[in-house]
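Chain order of the listed sequences is A and B. Once you know that position 16 of the first sequence is 15 in numbering that gives the first Met the number 0, the rest is easy, because the numbers rise by one and skip nothing. Once you know that position 35 of the second sequence is 34 in numbering that gives the first Met the number 0, the rest is easy, because the numbers rise by one and skip nothing. From the three backbone atoms N, C-alpha and C, an ideal C-beta is built for every residue, glycine too. Small disclaimer: the values here were computed from a predicted structure and weren't measured. First the structure, in the form of structure tokens, and then the observations on it.
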Amino acid sequence: MREVAVVSFAQTPYVRRERGRSEVEMLLPVIGQAIERSGIPKSEIGFTCSGSSDYIAGQAFAFVSAVDALGAWPPISESHVEMDGAWALYEAWVKIQCGHADSALVFAFGRASMGTLPETLTMQLDPYTLQPLGVDAVSLAALQARALLDAGLCTERDMAEVAMRSRRDAKRNAFAQLKGDYEVAKILSEPHLISPLRKHDCPPISDGAAAVVIAAGDLARSKCRRPAWIRGIDHRIEPHQPGFRDLTVSPSTTLAAHKAGAASAPLDLAELHAPFTHQELILRRALALPAAVRINPSGGPLAANPMMAAGLVRIGEAAQRIHDRDAGRALAHATQGHCLQQNLVCVLEGE
Amino acid sequence: MSDAEPVKSIVTPTRLAYEYTATGTQARFLDEISRGRILGQRCPACHKVYVPARAVCPRCGVATTEPVEVPGRGTVTTFCVVRVPSENIHLKLPFVAAHILLDGADIPFFGLVGDCEASEVRMGMRVEAVWAPRETWGPTLANIRHFRPSGEPDVAFEKFKEHL
């Protein structure tokens, strides 16, 4: 295996509705910053991969316009995944493992505010039995939370505590959208949005973009004072039909973490892509995280949830803390699909 | 169950609503077109002029900030004859859909060519915009109904071969 590290990270501030800038206009400064911070000249970056969804943009081939932000002349080696940018990073990592590149730019973006996100996400369901019912993403998450409560695996108070901690920690994150001091008792006194989920249990809808540069071995060492080495990265998927799954557990996360070697040494922090409060509780159990591990110091997706970028942001945030010597070993997680259907685990470490 | 006809197909209507917000450069282009002006932008690095204004030079990957107004007059670089009816297109079949290099621009602009026989349209033909009545103008490219032959002499292929 080649050594590969995250060498730089950049992101936009996240907002409920981006009115001033198109996707390309959001990406241009973010890509510029990520490349500049990497210290690798743009012309020497060997591969570029992006993650976004045309359903979010409401336009066929919308992702192609993002290539404008690259200045792709002379022609570059470039790819796209119709997934969160964390999977674009995985593709870039594989490209480097195969020896086809020594460095890669990875970016992700979305302006989910243009559509009705919970309904847009319904399009991920199978078109014969579930999609026609119009079951939306928040309702499915509520079913999962109900299953978890009924199984006695968590309480509504546990969920409220996740919301409280996330938005409190987000106060130190200049890019976060939803932050502040909330009291658990007050959260619990609020009505349900879709039972048993309250508004606080749900992520905000966020517009934004993020970019990361990864590089191999000596290139990473020469450009970055403290590279965040990718010690393991793996992703696993569960059945598409939510009814086929036990929604109270996340075996795909457990397996991905095992394959990525997450448990081989203690972790300082975990950035978990859990858009709903109860999903963090499922992931903590699936990853067997000890209480000492800091969870989502950035505030996580409950503080800003840029659809298609939020998973990549977890990797960027974890890497940034290693760059800053704030952490030695960190786990970043990304999810896709309804109710944590597909999960990616990336283990990062400083030297 | 055994008496039931097997289901051979189902219809599952899907509809997603979007509220598109024109942002930044695109909003400025639409503002200008609603005043009858076509806004392009020049790249500060390679000096090419993009029409419509597109915020970023796709060749250089830098922001295009300098506004450039171009006239509704240009050269057909390439085209196709359309024989299939299409909603919202007022021209009679067959009509021509063309790439038109507006004077001063470095990238062709999409337009329909009318007021002549489709068989008369050719590469290098000079055309001018036919604007809709001023009182109907809005922030839309529909302000330009189509392009028509301007009667100027054709442009030699050598002059526009880089812009196909």
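Name, please, each residue of chain B whose Cβ falls closer than 7 Å to the Cβ of residue i.
i: Pro-131(A); result: Thr-11
i: Pro-74(A); result: Going along chain B, no residue has its Cβ under 7 Å from Pro-74(A), so there is no contact; the nearest lies around 11 Å.
i: Leu-27(A); result: Val-55 and Ala-62
i: Tyr-181(A); result: Near Tyr-181(A) there are no residues of chain B at all, since even the closest Cβ is about 29 Å away, more than 7 Å.
Determine the DSSP secondary structure at residue i, reduced to helix, strand or coil.
i: Tyr-54(A); result: helix
i: Phe-243(A); result: helix
i: Pro-305(A); result: strand
i: Ala-262(A); result: helix
i: Ser-118(B); result: helix
i: Phe-60(A); result: coil
i: Val-148(B); result: Looking at the sequence itself, residue 148(B) is Pro, so the reference to Val does not match. It is a strand residue.
i: His-351(A); result: Lying outside 0 to 350, the shown extent of chain A, residue 351(A) is not represented and no answer is given.
i: Ala-4(A); result: strand
i: Val-248(A); result: coil
i: Pro-66(B); result: strand
i: Arg-36(A); result: helix
i: Tyr-19(B); result: coil
i: Asn-142(B); result: helix
i: Leu-355(A); result: No information on residue 355(A) is available, as it lies outside the stretch 0 to 350 that chain A covers here.
i: Leu-88(A); result: helix
i: His-46(B); result: coil
i: Phe-275(A); result: coil
i: Ser-33(B); result: coil
i: Ser-102(A); result: strand
i: His-162(B); result: helix
i: Glu-348(A); result: strand
i: Glu-155(A); result: helix
i: Glu-270(A); result: strand
i: Phe-156(B); result: helix
i: His-337(A); result: coil
i: Val-129(B); result: strand
i: Leu-330(A); result: strand
Going by beta-carbon coordinates alone, are residue i and residue j separated by less than 8 Å?
i: His-277(A); j: Gln-143(A); result: yes
i: Ala-59(A); j: Arg-110(A); result: no
i: Leu-38(B); j: Pro-51(B); result: yes
i: Gly-70(A); j: Phe-106(A); result: no
i: Phe-78(B); j: His-46(B); result: no
i: Glu-65(B); j: Arg-41(B); result: yes
i: Phe-159(A); j: Leu-196(A); result: Here residue 159(A) turns out to be Ala, not Phe, going by the sequence shown. No.
i: Thr-121(A); j: Asp-101(A); result: no
i: Ala-117(B); j: Phe-146(B); result: no
i: Ala-273(A); j: Gly-298(A); result: no
i: Ala-331(A); j: Lys-178(A); result: no
i: Ala-329(A); j: Leu-268(A); result: yes
i: Thr-11(B); j: Pro-126(A); result: yes
Under 8 Å between beta-carbons, which chain B residues line up against residue i? List them in chain order, please.
i: Met-113(A); result: Tyr-17, Glu-18, Tyr-19 and Thr-20
i: Arg-145(A); result: The contacting residues do not exist; Arg-145(A) stays about 26 Å from chain B at best.
i: Val-292(A); result: Result: empty, since nearest Cβ-Cβ is about 39 Å, beyond 8 Å.
i: Gly-19(A); result: Thr-22 and Gly-23
i: Tyr-127(A); result: Ile-9 and Thr-11
Under 8 Å by Cβ, that's how I've got residue i and residue j pegged, so tell me the actual separation to the nearest angstrom.
i: Ile-314(A); j: Leu-88(A); result: 6 Å
i: Asp-157(A); j: Arg-53(B); result: Not confirmed; about 49 Å, so no contact.
i: Leu-209(A); j: Gln-10(A); result: Checking the displayed sequence, the identity of residue 209(A) turns out to be Ala instead of Leu. Going by Cβ atoms, the distance from Ala-209(A) to Gln-10(A) rounds to 4 Å, so yes, they are a contact pair.
i: Gly-23(B); j: Ser-194(A); result: Actually they do not touch by this definition, with Cβ atoms about 41 Å apart.
i: Asp-206(A); j: Tyr-54(A); result: The Cβ separation is near 15 Å, so there is no contact.
For residue i, which residues in chain E fall below 7 Å Cβ to Cβ?
i: Val-23(A); result: Absent from the structure is chain E; the protein chains it does hold are A and B.
Give the interface partners of residue i over in chain B, defined as CB-CB distance under 9 Å, in chain order.
i: Pro-274(A); result: By Cβ distance, chain B contributes nothing, its closest Cβ being about 20 Å from Pro-274(A), past 9 Å.
**Prompt:** Relative to chain A, which residues along the region 122 to 154 of chain B have a C-beta separation below 7 Å, given in chain order?
**Reply:** none
Output, in sequence order along the chain, the residues in the region 50 to 73 of chain A whose CB is closer than 9 Å to any CB in chain B. Tyr-54, Ala-56, Gly-57, Gln-58, Ser-64, Val-66, Asp-67, Ala-68, Leu-69, Gly-70, Ala-71 and Trp-72
* Asked: Using Cβ-Cβ distances below 8 Å, what residues of the region 22 to 40 of chain B are close to chain A?
  -> Listed by position, the residues of the region 22 to 40 of chain B near chain A (Cβ gap below 8 Å) are Thr-22, Gly-23, Thr-24 and Gln-25.
Could you please tell me which residues of the region 55 to 68 of chain B, in chain order, have their CB closer than 9 Å to any CB of chain A?
Val-55, Cys-56, Pro-57, Arg-58, Cys-59, Gly-60, Val-61 and Ala-62
Exercise. Taking a cut of 7 Å between CB atoms, which residues from the region 91 to 119 of chain A lie near chain B?
Worked result: Met-113, Gly-114, Thr-115, Glu-118 and Thr-119
Within 8 Å of chain B by C-beta, residues of the region 204 to 219 of chain A in sequence order
none
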